[in-house]
Amino acid sequence: MSTVVAVDGPSGSGKSSVSREVAARLGLAYLDTGAMYRAATWWCTHQGVDLADGTAVTAAVRAMPLVMGMDPAAPTVHVDGHDVAAAIRTTEISAAVSAVATTLDARAELGARQRALIDAERTGGFSAGRGVVAEGRDITTVVAPDADVRVLLTASEEARLARRAREVHGTDDAAALAATHDQVLRRDADDSTVVQFHVAADGVVTVDSSHLTYEGTVEAVLDVVARTLAVRS
Ligand SMILES: Nc1ncnc2c1ncn2[C@@H]1O[C@H](COP(=O)(O)OP(=O)(O)O)[C@@H](O)[C@H]1O
Ligand SMILES: Nc1ccn([C@H]2C[C@H](O)[C@@H](COP(=O)(O)OP(=O)(O)O)O2)c(=O)n1
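Going by the UniProt record's numbering, the first residue of the sequence shown is number 1, and it counts up by one from there.
Right, here's the structure in full:
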């Protein structure tokens, strides 16, 4: 039986790292939908598209030759043959990505591609039809509201800022927290204008990781998966 696990949440809640580990432990594929928005931003910039021009952004995103590698042990992102895994994580892309994420026609295009990738994993693909853990901002609500397991991963603003500061700057002192503010809180505020990822929709289970370790968060999500599947079977 194939399993689709959808995980949403704000920046720094632990979605990417936790979802990837959950996918690896369950033998499922892993889809980082945020990486698709980042790749689209890289592609638009690479093509000289003005990110403020929604029509041009949408046209570029529709034409983007994107290939997502969904093995949780080694996820990959290629655009037009370029390995963009590192390029999409720069501060410039992090600062610009909300312009693409708030372009509604570009969202529709990326959402359709995400649905197709998830559907392919239900029946075949990396995990031989066992399923996929897909994470982002609107997976539980828009892209895969029919997922078998739907989780909202949250954490306090304080915890999320501190995590991102440690990840990017190696410390969570005052200067690092200030430098991280744009990447976490401003970006979430901009993204929240088009998609709701702070409150769990009906049927979505909230996991608050504010006071959990990384390992504890992985176990909490695995526990939600096990309990939800036990009830359904
Ligand atoms: N529960 C946790 N406790 C402490 N650090 C965590 C926890 N979950 C994730 N992290 C760390 O916080 C950082 C951000 O996590 P990430 O998975 O990138 O979040 P998101 O995808 O939600 O933005 C990473 O360095 C990750 O290892
Ligand atoms: N399903 C999704 C996934 C990401 N996005 C947007 C929101 C974010 O600003 C960007 C990048 O997402 P990503 O998950 O890489 O963000 P983090 O840096 O992990 O917080 O894409 C979205 O709008 N919908």
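Built from N, CA and C at the ideal position, the CB exists for glycine as well.
Closer than 5 Å from C-beta to any heavy atom of ligand 1: which residues, in chain order? S11, G12, S13, G14, K15, S16, S17, R163, E167, S209, L212, Y214, T217
Using DSSP bridges, identify the partner residues of A29. Residue mapping note: residue 29 aligns to position 29 of the sequence shown, counting from 1. Answer by DSSP bridge pairing, in chain order: V132.
So what's T213 in DSSP terms, helix, strand or just coil? Within the sequence shown, numbered from 1, the residue matching residue 213 stands at position 213. Three-state result, T213: coil.
Identity of the residue in A226, V221, W43, L177 nearest A60 by Cα: In the sequence shown, counting from the first residue as 1, residue 60 sits at position 60. Taking only the C-alpha atoms, the option nearest A60 is W43.
Give the range of the beta strand (DSSP E) segment to which H198 is assigned. Within the sequence shown, numbered from 1, the residue matching residue 198 stands at position 198. Note, H198: premise wrong, no beta strand (DSSP E); not H, not E.
Can you tell me which of the three DSSP states D208 falls into? For the purposes of this step, residue 208 is taken as residue 208 along the sequence shown, with counting starting at 1. D208: strand per DSSP, three-state reduction.
Express the C-alpha separation of V224 and S233 in angstroms, rounding to a whole number. Counting from 1 along the sequence shown, the entry for residue 233 is found at position 233. Counting from 1 along the sequence shown, the entry for residue 224 is found at position 224. Near 14 Å, if we compare the C-alpha coordinates of V224 and S233.
I need the straight-line Cα distance from G54 to T103, nearest angstrom please. Stepping through the sequence shown from its first residue, residue 54 is reached at position 54. Stepping through the sequence shown from its first residue, residue 103 is reached at position 103. Answer to the nearest angstrom: the Cα atoms are 6 Å apart.
By Cβ distance below 6 Å, which residues in the same chain neighbour V205 in space, the five residues on each side in sequence not counted? Against the sequence shown, residue 205 aligns to sequence position 205. The answer, listed in chain order, is V151, V224.
Taking C-beta to C-beta, are A155 and G14 nearer than 8 Å? Counted from its first residue, the sequence shown places residue 155 at position 155. Counted from its first residue, the sequence shown places residue 14 at position 14. Yes, they are a contact pair.
Between the C-alpha atoms of A128 and A108, what's the straight-line distance to the nearest angstrom? Here residue 128 refers to the residue found at position 128 when the sequence shown is read from its first residue. Here residue 108 refers to the residue found at position 108 when the sequence shown is read from its first residue. Distance between the alpha carbons of A128 and A108: 27 Å.
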